[in-house]
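Peer 1: Protein chains in written order, with this note's numbering: chain A, 455 to 888; chain B, 653 to 923.
1) Of all the CB atoms in chain A, is at least one closer than 8 Å to the CB of residue 869 (chain B)?
2) From the beta carbon of residue 746 (chain B), is the nearest beta carbon of chain A less than 8 Å away?
3) Along the stretch 782–796 of chain B, where does the CB come closer than 9 Å to a CB of chain A? Name the residues.
4) What residue ranges within the stretch 540–612 of chain A form continuous alpha helix (DSSP H) runs of no fewer than 4 residues, ordered along the chain?
5) Could you check what DSSP says for residue 770 (chain A) in three-state terms: helix, strand or coil?
6) Let me know if residue 852 (chain B) comes out buried or exposed under the rule of 16 or more other beta-carbons within 10 Å of its beta-carbon.
7) Near residue 693 (chain B), which residues of its chain fall below 7 Å by C-beta distance, leaving aside the five closest residues on each side in sequence?
8) Select from the stretch 772–805 of chain A all residues with a C-beta closer than 8 Å to any C-beta belonging to chain B, and list them in chain order.
9) Does chain A have any CB closer than 8 Å to the CB of residue 766 (chain B)?
10) If we count the other Cβ atoms within 10 Å of its Cβ and call it buried at 16 or more, is residue 513 (chain A) buried or exposed?
11) Compare the C-beta of residue 779 (chain B) against all C-beta atoms of chain A and say whether one is closer than 8 Å.
12) Are the Cβ atoms of residue 522 (chain A) and residue 612 (chain A) separated by less than 8 Å?
13) How many angstroms separate the CA atom of residue 788 (chain B) from the CA atom of residue 770 (chain B)?
14) Taking CB distances under 8 Å as the criterion, tell me whether residue 455 (chain A) reaches chain B.
15) In chain order, what residues of the same chain have a beta carbon less than 6 Å from the beta carbon of residue 794 (chain A), not counting five sequence neighbours either side?
16) Considering just the uninterrupted stretch of the beta strand (DSSP E) at residue 614 (chain B), what are its terminal residues?
17) Which residues bound the beta strand (DSSP E) around residue 674 (chain B)?
18) With 7 Å as the limit, tell me which residues of the stretch 687–706 of chain A have their beta carbon closer than that to any beta carbon of chain B; keep them in chain order.
19) Can you list, in chain order, the residues of the stretch 828–861 of chain B whose Cβ is nearer than 9 Å to any Cβ on chain A?
20) Give the residues of chain A in contact with residue 755 (chain B), contact being defined as C-beta atoms less than 9 Å apart.
21) Roughly how many whole angstroms lie between the Cα atoms of residue 914 (chain B) and residue 705 (chain B)?
22) Hey, residue 728 (chain A) and residue 810 (chain A): beta-carbon distance below 8 Å or not?
23) Does the contact criterion of 3 or more C-beta pairs under 8 Å hold for the stretch 598–617 of chain A versus the stretch 564–581 of chain A?
24) For residue 481 (chain A), verify whether its CB is less than 7 Å away from any heavy atom of the ligand NAD.
25) Confirm, please, whether the CB-CB distance from residue 830 (chain A) to residue 403 (chain A) is below 8 Å.
26) Residue 887 (chain B): buried (16+ other C-beta within 10 angstroms of its C-beta) or exposed?
27) DSSP state of residue 517 (chain A), grouped into three classes?
28) Let me know if residue 741 (chain B) comes out buried or exposed under the rule of 16 or more other beta-carbons within 10 Å of its beta-carbon.
29) Suppose the cutoff is 8 Å on Cβ atoms and the five residues either side in sequence are ignored; what does the same chain contact list for residue 701 (chain B) look like?
30) Would you call residue 655 (chain B) buried or exposed, if buried means 16 or more other Cβ atoms sit within 10 Å of its Cβ?
31) Report yes or no: is there a C-beta of chain A within less than 8 Å of the C-beta of residue 823 (chain B)?
32) Tell me whether residue 692 (chain B) sits in a helix, a strand or coil according to DSSP, three-state version.
33) Could you pull out every unbroken alpha helix (DSSP H) segment of at least 4 residues lying fully inside the stretch 744–787 of chain B, listed in chain order?
34) Answer yes or no: do residue 676 (chain B) and residue 721 (chain B) have a C-beta to C-beta separation smaller than 8 Å?
35) If we cut at 8 Å on Cβ distances, does residue 878 (chain B) have a partner in chain A?
36) How many whole angstroms separate the CB atoms of residue 707 (chain B) and residue 875 (chain B), which I take to be in contact at a CB cut-off of 8 Å?
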């Protein structure tokens, strides 16, 4: 076989050689298959682990403990000016009514006991009463039962995170308070319900009152701005580079730099946004408008790259067909190329936006980490976004914030799943076969 | 073979390259891809109401030459065309010539059927729509119906005009593409191996159609099948390595070729 002149293997010889190597080849195939399965199994295990960990920690964060108290909506004390205005309600004594209501249930004696009992109910109680009256002024003059959130330490105790056997000096609740909580439980006044504060509240120093609504709205506004800026710009740039621009050194240089931009750490875009949008243009800090603009910068390269790929995948025969009957370049692009590339472009955009939704670092740079209680009403109102909210909560020491951190993470993941699902549905729906 | 290609052209074949009253005439056309010369000094007239077939071995430049007639080569960045091509006396490579009206006058049918991923109706209506040829919806429907009838497809698709054009069979798709090309009322139709992706029955159908269409249009067809060239065309031009070797009446080129290369190709010795 080494000598070219003596190659004259018979058919039998050849098939013998093939057969002898066969089992070794099969073994290799099987090994490769095994490695593949192991890799997939490992990935799936980690994913399940992650979901269980986040789920088990986060789902309790959707709920919280409430104490049911009987409130007498005293017209004189709640609405001293008698005009139901916000000013009047805030000069009223709604906080005092909550305290009186819990005193009447537990009948504490002396200063220290009263102080201990007062602390059992969240500070948000008065706000809840005012809220009820604003929604339904007819409540004034009546008596009704209302559920108030318990203080976060009480919540943690009821969940079993505070051990009553620990010496009093080492726990956040004293013996009086624990006894009173036991009394409330035995009177059936404590309930475990879906947390209205988590879903409809905004940032707060009190963990039992803190919620994600402000952050979710901030995120949605930022994403809307991001989409409005980056999608048209990205598609236009991709169409130009792929279909119109001549291939020369300059376009090659631009291409390389767009690919580089996609790999730039996101915090750099934050610094850019800080320097240009806030420093140079004088836009306000902490607002979703600037947040969206920074995210748009970050998303643009992703959109341009994926759009170019899907434009490149449009069969040239379709372009030829359009040009062949006299469509102009623009007509060919906008009647044929862009519609056919649209599913791919949208998928790329949504995936880019999903990345933007989870982005924290660039938004820290432009001040979206500020503590903002008000829910933003427009894109120029200060606000924060979901991942930054999670980041802030993760920094707090209170036990309840830990749950809220996990719960907010679940919400963030749900948004990501939702966006990816939309991407898949859009692609399936818009995809045309040819 | 290399020695043959450098032989001077037979003077008789050059005389036959020009016609009395041509629809289009190419004069001294050179085509370059970058530094490569793909077409070398070709002069050829295309007659009115007849089919001209371009034959020759693969890579001889016949498709490249065909695409010069509606400037489809413009879409290739590195491609340059020298010389003149006249359509009704105007140079289509003149700076003042716009490719949009040119391509409306010189339609094209491609090798692979390429209907748009749209309905059958929209495929045919696209050309009239972009050129603003129809006054109203009824007029447009008329144009579509007429074009489909002329392409011999109407009876097969009249009940499903709003189904996707891509759902038709290969032969039907190619006839749809022909209908799409004639819907804008061209003077010339270029066909680049229109049957190479089709089975013999669909091919026969297209050939029949080409023979009918020549009553109204000038047709230039590139084909690999010499039988097809013999069946459908009145004039045949044989290309080899970017040069026009011989052109003449189809019957004469196939029965008594003047050039030995042509003879070698059509008798199956090369190609």
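By construction, the Cβ of each residue, glycine as well, lies at the ideal position given by its N, Cα and C atoms.
Peer 2: Let's see:
1) no
2) no
3) 782 and 783
4) 540–545, 548–560, 564–572, 579–589 and 606–612
5) helix
6) exposed
7) 680 and 682
8) 772, 773, 774, 775, 776, 777, 778, 779, 780, 781, 782, 785, 789, 790 and 794
9) yes
10) exposed
11) yes
12) no
13) 20 Å
14) For residue 455 (chain A), the predicted structure reports a pLDDT of 44, less than 50, and the residue's modelled location is therefore unreliable. A value from the coordinates is still provided. Judged by the 8 Å Cβ criterion, residue 455 (chain A) is not in contact with chain B.
15) 768
16) Examination of residue 614 (chain B) is not possible in this model, given that chain B is present from 653 through 923 alone.
17) 674–685
18) 700 and 701
19) 829, 832, 833, 835, 836, 838 and 842
20) 777, 778, 779, 780 and 781
21) 14 Å
22) no
23) yes
24) The ligand NAD is not among the ligands present in this structure, which contains no ligands whatsoever.
25) Any question about residue 403 (chain A) goes unanswered here, given that chain A covers just 455 to 888.
26) buried
27) strand
28) exposed
29) 866, 867, 868, 869 and 870
30) Here residue 655 (chain B) scores only 39 on pLDDT, less than 50, and its place in the model should not be relied on; the value that follows carries that caveat. Residue 655 (chain B) should be labelled exposed.
31) no
32) strand
33) 751–757 and 772–783
34) yes
35) no
36) 6 Å
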